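This note's numbering numbers the first residue of the sequence shown as 5 and each following residue consecutively.
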Amino acid sequence: MSFTLAIVGRPNVGKSTLFNRLVGKRLALVDDQPGVTRDLREGAAHLGDLDFTVIDTAGLEDATDESLEGRMRRLTERAVDMADICLFMVDARAGITATDQLFAEILRKRAKHVILAANKGEGSRADDGVMEAYGLGLGEPIRLSAEHGEGMTDLYAMLMPLA
Ligand code: GDP
Ligand code: MG
5 MSFTLAIVGR
15 PNVGKSTLFN
25 RLVGKRLALV
35 DDQPGVTRDL
45 REGAAHLGDL
55 DFTVIDTAGL
65 EDATDESLEG
75 RMRRLTERAV
85 DMADICLFMV
95 DARAGITATD
105 QLFAEILRKR
115 AKHVILAANK
125 GEGSRADDGV
135 MEAYGLGLGE
145 PIRLSAEHGE
155 GMTDLYAMLM
165 PLA
């Protein structure tokens, strides 16, 4: 049986980079400047022998009259409700922020399954952020480098029993 995975998290943590890696086509825009991708984007993902649908949440930072927090909450809740599993991504280089804590709270209340991913995990600079991620209360984080393709076997190991 197939499933839907939503990648959620604050802007710039690497959600679209992972989406592109899983989908294998440049369906989602990735840019250093926040605000390039918008809303929810869906693609057909492959990881090992798993085929599933992946949703990239974007558009969190688009300027509207709605507050960033309100927009973030609304888009994230929409993605969470569409998904069987949520991959909550944090930036291991930046460390855990107040915004990450807000996401963690939404997911704890609403998501069926949460996989915590500490991205930008390549190199020892990420060690402190990975350790901090344990404090979110969402279980053991998997250490990823979406850009370098590291940690994909750990992601597979988390998804496989849920598929
Ligand atoms: P999004 O806003 O969460 O979708 O983040 P993006 O995928 O657009 O990535 C934001 C920035 O982080 C880009 O400059 C990416 O190249 C960079 N990035 C993504 N994944 C990694 C990673 O694993 N390591 C490092 N060092 N940078 C990354
Ligand atoms: Mg993006």
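All C-beta atoms, glycine included, are put in the ideal place defined by N, C-alpha and C. All of these numbers come straight from a predicted model, not from anything done at the bench.
Which listed residue (the options) has its alpha carbon closest to that of residue i
i      : options                           : result
Met93  : Gly143, Ala167, Met164 and Leu166 : Gly143
Met76  : His50, Glu126, Leu44 and Ala122   : Leu44
Gly52  : Glu73, Val27 and Glu46            : Val27
Ile100 : Tyr138, Glu151 and Ala49          : Tyr138
Leu9   : Gly74, Ala102 and Ala115          : Ala115
His117 : Ser6, Ala102, Asp88 and His50     : Asp88
Residue i in three-state terms, based on DSSP
i      : result
Gly47  : strand
Val17  : coil
Phe23  : helix
Phe7   : coil
Arg114 : helix
Asp60  : strand
Asp53  : coil
Glu151 : coil
Leu106 : helix
Close beta carbons around residue i, own chain, < 8 Å, minus the five adjacent residues each side
i      : result
Tyr54  : It should be pointed out that residue 54 corresponds to Leu in this sequence rather than to Tyr. Excluding sequence neighbours, Leu54 sits near Tyr160, Leu163, Met164 and Ala167.
Val12  : Lys19, Thr61, Thr80, Ala83, Val84, Cys90, Leu91, Phe92, Met93, Phe107 and Leu111
Glu154 : Gly125, Glu126, Arg147 and Leu148
Beta carbon of residue i nearer than 9 Å to that of residue j
i      : j      : result
Ile59  : Met86  : yes
Asn16  : Asp95  : yes
Asp104 : Leu72  : no
Arg109 : Glu126 : What sits at residue 109 in the sequence shown is Glu, not Arg. It is not a contact, given that the beta carbons lie outside the stated cut-off.
Close-in-space but distant-in-sequence residues of the same chain around residue i (CB under 7 Å, 5 per side omitted)
i      : result
Arg97  : Lys124, Arg129, Ala130 and Gly133
Glu136 : Gly99 and Ile100
6 Å CB neighbourhood of residue i in its chain, flanking five on each side removed
i      : result
Ala121 : Leu91, Met93, Ile146 and Leu148
Arg14  : Thr103
Ala49  : Leu26, Val27, Phe56 and Val58
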